[in-house]
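In UniProt numbering, the protein residues as written are 1 to 76. From the three backbone atoms N, C-alpha and C, an ideal C-beta is built for every residue, glycine too. For reference, the structure is listed below as structure tokens.
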């Protein structure tokens, strides 16, 4: 079962896109690692998944419920 799911997630700071159209699934009951070189967006992704940073596009769901809204959705 996938507990945390991101579909077509785009994240960044201002006009600078750091993560573009990422699909990510974090399964329940498993250890998940995020690896990559410095500056590739690992910390940015974790900030978005924990709702510390708004996403620019896409959806993040926890147990099927929408968890995060885009910057445009926050304004409305």
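Residue burial classification, residue i (beta-carbon count within 10 angstroms, cutoff 16)
i	result
residue 36	exposed
residue 52	exposed
residue 12	buried
residue 34	exposed
residue 46	exposed
Closest residue to residue i among the options (Cα-Cα distance)
i	options	result
residue 56	65, 17, 4	17
residue 79	44, 60, 67	This structure cannot settle anything about residue 79, because the visible part of the chain is limited to 1 through 76.
Residue i versus residue j: straight-line alpha-carbon distance, rounded
i	j	result
residue 10	residue 20	4 Å
residue 25	residue 3	8 Å
residue 58	residue 28	21 Å
residue 49	residue 60	7 Å
residue 1	residue 38	30 Å
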